[in-house]
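Just so you know, we're using my numbering here: the sequence shown kicks off at 1 and counts up by one. Contents: one structure, followed by commentary.
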Amino acid sequence: MSREEIHRKIFEYASICLAICIPFSERMCTWLILLMATNWIAEGHFLRKIKAAYKNLFVILCSTFYLLEIAGLLYTRHFTTGFYHAQTEASFLVIPLLYFSYGKVKETQVNRILTAFSIAVFLASAYCMIIGIFNYENTKDLSYLFFHSLVSPIHQHPVYFSVYTFICIVYLFGRVSKSQPAVTVILYMLLLLYFSVLLFLLRSKIVVGTAFIYAVYQLVKNMIHHKPPFRWAIIYPLLLIGLILTVLFTSNPFSEQVYLLDKAELSVLNESKFDPNDRFDDISIRLTLGKFCFGILNDHHAWVFGVSPGDAQPDINQRVSESGMFTGFPGTEDRGFLNYNLHNQYLQTMLNSGVAGLLLLAGILFMIFKKALRLKSKILLSVIFVFTAFFLTESVLERQMGILPFFFFISILILQERVTVQKPPVKKEKYDKALENIC
Numbered sequence: 001m002s003r004e005e006i007h008r009k010i011f012e013y014a015s016i017c018l019a020i021c022i023p024f025s026e027r028m029c030t031w032l033i034l035l036m037a038t039n040w041i042a043e044g045h046f047l048r049k050i051k052a053a054y055k056n057l058f059v060i061l062c063s064t065f066y067l068l069e070i071a072g073l074l075y076t077r078h079f080t081t082g083f084y085h086a087q088t089e090a091s092f093l094v095i096p097l098l099y100f101s102y103g104k105v106k107e108t109q110v111n112r113i114l115t116a117f118s119i120a121v122f123l124a125s126a127y128c129m130i131i132g133i134f135n136y137e138n139t140k141d142l143s144y145l146f147f148h149s150l151v152s153p154i155h156q157h158p159v160y161f162s163v164y165t166f167i168c169i170v171y172l173f174g175r176v177s178k179s180q181p182a183v184t185v186i187l188y189m190l191l192l193l194y195f196s197v198l199l200f201l202l203r204s205k206i207v208v209g210t211a212f213i214y215a216v217y218q219l220v221k222n223m224i225h226h227k228p229p230f231r232w233a234i235i236y237p238l239l240l241i242g243l244i245l246t247v248l249f250t251s252n253p254f255s256e257q258v259y260l261l262d263k264a265e266l267s268v269l270n271e272s273k274f275d276p277n278d279r280f281d282d283i284s285i286r287l288t289l290g291k292f293c294f295g296i297l298n299d300h301h302a303w304v305f306g307v308s309p310g311d312a313q314p315d316i317n318q319r320v321s322e323s324g325m326f327t328g329f330p331g332t333e334d335r336g337f338l339n340y341n342l343h344n345q346y347l348q349t350m351l352n353s354g355v356a357g358l359l360l361l362a363g364i365l366f367m368i369f370k371k372a373l374r375l376k377s378k379i380l381l382s383v384i385f386v387f388t389a390f391f392l393t394e395s396v397l398e399r400q401m402g403i404l405p406f407f408f409f410i411s412i413l414i415l416q417e418r419v420t421v422q423k424p425p426v427k428k429e430k431y432d433k434a435l436e437n438i439c
């Protein structure tokens, strides 16, 4: 085995380990990225690899976006905060550069990565469920089986974990086919049902909504384009749609959260002052923070390039304090609404880097959608769709927990090498015979 092949193998195995660590440990993921970068440097051939990477528009856009964030250090009032933010977002530059410099990723390698990821998500969630059931048995408190409490044993965020779960659903459903043995298909179906139930326990409305759209699309597609349709390709979407509708129209913790959307206090948009005792629902807090965003951009005349990533959070905190919102109890770790980001990646990007940054982010997302359609990659299209929706409710690219899986999965799925099956050429005699029959 040549030196180059050894470095390539290290990179491949590190990618599998990275997929396994995503549901478990953010710190381990960071160390693995450092290992992969060290391996990349040790291999050499920098000029060749950099040229290969920057032939791709995706890498150029990601690097430009990161450089725009770095440029904020030139005019920030909080350099330390800005520098920390730049370190956190280094994956914008590093992950695309690492993967695209190596070129195509074999389909078998992508399947290994996604299989390892699915197993890791299953094991992590099963561990959390066991802990949750144990706590419920001791306290009779059902909340241990839902949302933050469910994934707290592994220090995960429930909405991020629900995105991981959705990726597993899309991957496993794509593996179900007529060519698979019956036992394998049944195993996939059981895992799909398990992950579907997990989505409701995690209580992410945006991801469940995305799953519903995905199920309807798959049902319609399989009924129209496959004659006769593979029965399991029809059964699972029907089950998922039925499960979602049943949960929505029955009394349970998930449906209660959905019904609260109708009671959202939209009047907060007209308020400039609050009381520390005021409570905010999911929508009203996001509307309030969004209003702060536009106010900050107006006050600083920063619509073009933003206030800088270093100043964004201090400026939000100042607005929270000035408006009279709850800021925690002195002498405790409770900071109330202080250090809340905007909970919307599009607004967060605009506050950080202005309209210039927002246009770059839109360009990155558009390019990925275009690539997914050109490659006819159902999983890439589903992954970018769920992240695009996720960006509406969370500032995903402000923390390593969101940056790393986004660029990791997008990179390997764009680079996935398609295996095309060559159809055997039809012999000339068959054409001659067909012509004779016509005549």
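The beta carbon of each residue, even a glycine, is placed where N, CA and C say it ideally should be. Keep in mind the model is a prediction, meaning the values are calculated, not measured.
Mind checking who residue i pairs with in its DSSP beta bridge?
i	result
V484	Absent from the model: residue 484. The displayed extent of the chain is 1 to 439, so no value can be given.
Return the Cβ separation of residue i and residue j in integer angstroms, given the expectation that the two are a contact with Cβ distance under 8 Å.
i	j	result
V307	I296	6 Å
A14	L34	Going by Cβ atoms, the distance from A14 to L34 rounds to 10 Å, so no, they are not a contact pair.
P96	F407	6 Å
K106	E322	Actually they do not touch by this definition, with Cβ atoms about 55 Å apart.
A215	P237	4 Å
G72	P330	Their Cβ separation, rounded to whole angstroms, is 32 Å, which puts G72 and P330 out of contact at 8 Å.
K370	I414	Actually they are not in contact, since the Cβ atoms of K370 and I414 sit about 11 Å apart, beyond 8 Å.
Y66	F92	4 Å
L404	I22	7 Å
A312	L351	5 Å
A126	A19	Wrong, their Cβ atoms sit about 17 Å apart, outside the cutoff.
R335	G328	4 Å
K291	L266	So it is not a contact: roughly 12 Å between Cβ atoms.
F173	V247	Not confirmed; about 19 Å, so no contact.
A124	F254	That belief does not hold up - the Cβ atoms of A124 and F254 are roughly 21 Å apart, past 8 Å.
Looking at the secondary structure, which residues open and close the alpha helix (DSSP H) in which residue i lies?
i	result
S143	Premise fails: S143 is in no alpha helix (DSSP H) and is neither H nor E.
E316	Looking at the sequence shown, residue 316 is not Glu but Ile. Start and end: P309 to S323.
H225	K205 to H225
L68	L57 to A71
N298	D282 to H300
G443	The structure shown does not extend to residue 443, since the chain is modelled only from 1 through 439, so no value can be given for it.
I169	P158 to R175
V247	R231 to L248
Q87	F79 to T88
T184	A182 to L202
L150	F147 to V151
Please find out if some non-hydrogen atom of the ligand MN comes closer than 7 Å to the beta-carbon of residue i.
i	result
G242	Looking for the ligand MN in the displayed structure turns up nothing, as the structure carries no ligands at all.
TODO: Note down, one range per segment and in chain order, each beta strand (DSSP E) of at least 3 residues found wholly within the segment 362-387.
DONE: Within the segment 362-387, no complete beta strand (DSSP E) segment of 3 residues or longer occurs.
Does the count of Cβ pairs from the segment 35-54 and the segment 272-279 closer than 8 Å reach three?
Using a C-beta cut-off of 8 Å, the segment 35-54 makes no contact with the segment 272-279, since fewer than three inter-stretch Cβ pairs fall below that distance.
Using 8 Å as the threshold, is the segment 195-212 in touch with the segment 378-398, meaning 3 or more CB pairs across them?
-> Counting Cβ pairs under 8 Å, three or more are found: they touch.
*asked:* Across the segment 366-382 and the segment 335-353, are there enough close Cβ pairs to call them in contact, namely three or more that are closer than 8 Å?
replied: The segment 366-382 vs the segment 335-353: no contact.
Segment contact flag, the segment 138-156 with the segment 98-113, C-beta cutoff 8 Å, min 3 pairs
The answer is no - the segment 98-113 does not touch the segment 138-156, with fewer than three Cβ pairs under 8 Å.
If you scan the segment 21-49 from start to end, which runs of the alpha helix (DSSP H) of 4 or more residues do you find wholly inside it?
As far as the segment 21-49 is concerned, its whole alpha helix (DSSP H) runs of at least 4 residues are 26-43.
**Study point:** Touching by the beta-carbon criterion (3+ pairs, under 8 Å), the segment 135-149 and the segment 171-181
**Key:** No, because fewer than three Cβ pairs between the segment 135-149 and the segment 171-181 fall closer than 8 Å, the two stretches do not touch.
Give a yes or no on contact between the segment 354-370 and the segment 50-58, applying the rule of three or more CB pairs nearer than 8 Å.
Using a C-beta cut-off of 8 Å, the segment 354-370 makes contact with the segment 50-58, since at least three inter-stretch Cβ pairs fall below that distance.
* Report yes or no: do three or more beta-carbon pairs, one from the segment 155-175 and one from the segment 190-198, lie closer than 8 Å? => Yes, the segment 155-175 touches the segment 190-198.
Note to self: Three or more C-beta pairs under 8 Å: does that hold for the segment 116-127 against the segment 82-90?
What the structure shows: Result no; under three Cβ-Cβ pairs closer than 8 Å.
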